[in-house]
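Reviewing the structure listed below.
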Amino acid sequence: MILIITVMAFITVMSIFLNRLVRSKVKKSVEDLRKNVEEMSYENNLLKEKMELLDHENHDLKLELTKFSKMIDGFANIYSKPEFKSEIFNDVLELALSLVPEARAGSISIANGKRWEYVAIHGNGKSINDLKSADLNSEWMVMVPKVSIVENITNKNDKVPETYSKLIENAFGSHIYRSIAVPIKVGNDTIGNCFLDALDDLQFSESSKKIMEYFSTIFSKLLMMNEVQSVGYININNTLRTIVNFYEMKCSNMRGHSENVAYLSTKIGEELGFSPKQLDNLYWGALFHDIGMIAIPDEIVDKPSKLTEEEFDTMKSHTMLGEKILSYHEHLKEVSIVAKYHHENFDGSGYPDGLKGGSIPLLARIVSVADTFEILRRENNHAPTLSLSEAMKNIEQNSGIQFDPEITVIAAKVFQNIPTR
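Residue numbers for the sequence shown follow UniProt numbering, beginning at 1 and rising by one.
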């Protein structure tokens, strides 16, 4: 009897112990599960935030690329007009305003000695013509060295008479809270500015500021190239050559690149049995193959590190810009295809159109291999200089991929006879 009672007591105690143990483990498991759920929820929220941020960044990138494309097309249309006179400033201003949604008004003004004049105004006021005809002192101009945000522009300069400040607000039809100031340059000289004005208390986005930095560079280069349109055909090529030289002088270790590419390309053309007319087109096409680079911002061209996707897209646009610059001149339309297509690859992996094989114009295929060889043999900040044999090996390895195999064979013969450094 005692044994039975003892056994029953033991069973009861063990039952209680096991029950408590199970409950303890269940409780711990529940707590662990809750903790895991909380951690998963936290990580899920982090993931959602990252995805939202990524979506936002992708949206911003697409928006900037869309704006950049719109800007390039806009400038191309302006540049293709029969005459490049003061009236085109209205088109330039409208283009700028279309790229900056925060701005509802704007102006372009140019300094002329001690005087200052508005060449374009966009506003809702009634005194625009009065502002254009006003006797303005150049000392009153707000000049900026780079694209900047200027608060309350009408009160920025203490030298400006109050009557003039009121004239500005009357012309724009509202108080100007802040403006994006865009310098207009010809060469190294700042000759004026473009102001895009917020008539509401809005802050300008980084996207708007960035697109105006590109805008300033391209518009300034466009003004510099205005000289080209006023000279005869006999001088146009020499003027364009000067522009190429100007660009190469600004870039690290690029001086003489285009001349060298033109020389190499012509030698390949001679080996291919080109006629004098074909050789002439090949020479000028090779010489001007990078002329579109004049419109690419210096900070992208000279950047020592790898370009971002957005920066690379900007860099690639030099092909289209070059084609538009050259095709404006009737006698250069044939060679403009070299500027456009010299970065197409034989296997179709190039840009801007992804052309493949024989669909790539012959002149562009020749310049492509000459351009690459010259870069490989040139001292630069982006990659080590290759020896002649190393450069030749690189060219041969990319035959059929980047380069036309038949042209590669001819080019190899030409390059072997080039004096070594």
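Ideal Cβ placement from N, Cα and C applies to all residues, glycine included.
Here the structure is a predicted model, which means the values were calculated and not measured.
Simplified DSSP assignment, three categories, for residue i
{"i": "V228", "result": "For V228, the predicted model reports a pLDDT of 49, less than 50, meaning its position is unreliable and no value from the coordinates is stated."}
{"i": "F415", "result": "helix"}
{"i": "H122", "result": "strand"}
{"i": "N394", "result": "helix"}
{"i": "A134", "result": "coil"}
{"i": "R104", "result": "coil"}
{"i": "D91", "result": "helix"}
{"i": "N155", "result": "helix"}
{"i": "G74", "result": "helix"}
{"i": "K324", "result": "helix"}
{"i": "S349", "result": "coil"}
{"i": "G292", "result": "helix"}
{"i": "F204", "result": "coil"}
{"i": "R421", "result": "Residue placement at R421 is poorly supported in this model, since its pLDDT is 45, which falls under 50; the coordinates are not used for a value here."}
{"i": "R115", "result": "strand"}
{"i": "G269", "result": "helix"}
{"i": "I401", "result": "coil"}
{"i": "V22", "result": "Only weak support exists for where V22 lies, its pLDDT of 48 falling under 50; the coordinates are left without a value."}
{"i": "S174", "result": "coil"}
{"i": "I149", "result": "strand"}
Cut-off 7 Å between Cβ atoms - residues of its own chain near residue i, not counting five sequence neighbours on either side
{"i": "V301", "result": "C251, M293"}
{"i": "N394", "result": "L376, L386"}
{"i": "D404", "result": "F346, R365"}
Same chain, Cβ closer than 6 Å to residue i, neighbours up to 5 away in sequence not counted
{"i": "A262", "result": "Y283, A286, L287"}
{"i": "L321", "result": "G292, A295"}
{"i": "R421", "result": "With a pLDDT of only 45 at R421, under 50, the local geometry of the prediction cannot be trusted, and no value is derived from it."}
{"i": "Q203", "result": "none"}
{"i": "K185", "result": "S220"}
Beta-carbon separation (whole angstroms), residue i vs residue j, contact threshold 8 Å
{"i": "E374", "j": "L264", "result": "6 Å"}
{"i": "F346", "j": "Q397", "result": "The Cβ separation is near 13 Å, so there is no contact."}
{"i": "I366", "j": "I211", "result": "Between I211 and I366 the Cβ distance is about 36 Å, and since that is not below 8 Å, they are no contact."}
{"i": "L93", "j": "M71", "result": "Between M71 and L93 the Cβ distance is about 13 Å, and since that is not below 8 Å, they are no contact."}
{"i": "N170", "j": "K126", "result": "7 Å"}
{"i": "S109", "j": "N193", "result": "6 Å"}
{"i": "G173", "j": "N124", "result": "4 Å"}
{"i": "L376", "j": "A364", "result": "Contact doesn't hold; Cβ gap of about 19 Å is too wide."}
{"i": "R255", "j": "E248", "result": "5 Å"}
Distance CB(residue i)-CB(residue j) smaller than 8 Å
{"i": "E206", "j": "P297", "result": "no"}
{"i": "A103", "j": "L196", "result": "yes"}
{"i": "I325", "j": "I291", "result": "yes"}
{"i": "H257", "j": "R178", "result": "no"}
{"i": "G341", "j": "K316", "result": "Looking at the sequence itself, residue 341 is Tyr, so the reference to Gly does not match. No. Outside cutoff."}
{"i": "F75", "j": "I218", "result": "yes"}
{"i": "L136", "j": "E151", "result": "no"}
{"i": "V147", "j": "S216", "result": "yes"}
{"i": "E270", "j": "K413", "result": "no"}
{"i": "S399", "j": "T385", "result": "no"}
{"i": "D353", "j": "H289", "result": "no"}
Alpha-carbon to alpha-carbon, residue j and residue i
{"i": "A181", "j": "F274", "result": "51 Å"}
{"i": "I88", "j": "P183", "result": "17 Å"}
{"i": "A96", "j": "I176", "result": "17 Å"}
{"i": "L223", "j": "G106", "result": "19 Å"}
{"i": "E344", "j": "L355", "result": "6 Å"}
{"i": "H122", "j": "I168", "result": "11 Å"}
{"i": "F246", "j": "D189", "result": "15 Å"}
{"i": "I153", "j": "L307", "result": "35 Å"}
{"i": "T319", "j": "S368", "result": "12 Å"}
{"i": "W140", "j": "K114", "result": "10 Å"}
{"i": "N155", "j": "Y164", "result": "10 Å"}
{"i": "V335", "j": "F312", "result": "25 Å"}
{"i": "H329", "j": "A411", "result": "30 Å"}
{"i": "E323", "j": "A339", "result": "5 Å"}
{"i": "P145", "j": "V119", "result": "20 Å"}
{"i": "T314", "j": "N260", "result": "25 Å"}
{"i": "I418", "j": "T239", "result": "29 Å"}
{"i": "E406", "j": "S389", "result": "19 Å"}
{"i": "I243", "j": "H331", "result": "18 Å"}
{"i": "P276", "j": "S327", "result": "21 Å"}
{"i": "S133", "j": "G348", "result": "56 Å"}
{"i": "L131", "j": "P101", "result": "24 Å"}
{"i": "L199", "j": "I191", "result": "26 Å"}
{"i": "K67", "j": "P161", "result": "37 Å"}
{"i": "D201", "j": "K333", "result": "48 Å"}
{"i": "G187", "j": "K166", "result": "34 Å"}
Residues of its chain near residue i, where Cβ-Cβ distance is below 8 Å and the 5 sequence neighbours each way are ignored
{"i": "K221", "result": "I294, A295"}
{"i": "K209", "result": "V147, I149, I180"}
{"i": "V138", "result": "First, the amino acid is wrong: residue 138 is Ser here, not Val. Cβ within range, chain order: A111, N112, G113, K114, R115, W116."}
{"i": "T266", "result": "L279, L282, Y283, A286"}
{"i": "P361", "result": "I337, V338, Y341"}
CB contact check: residue i to chain C, cutoff 8 Å
{"i": "I121", "result": "Although the question refers to chain C, the structure presented lacks it and comprises just one protein chain."}
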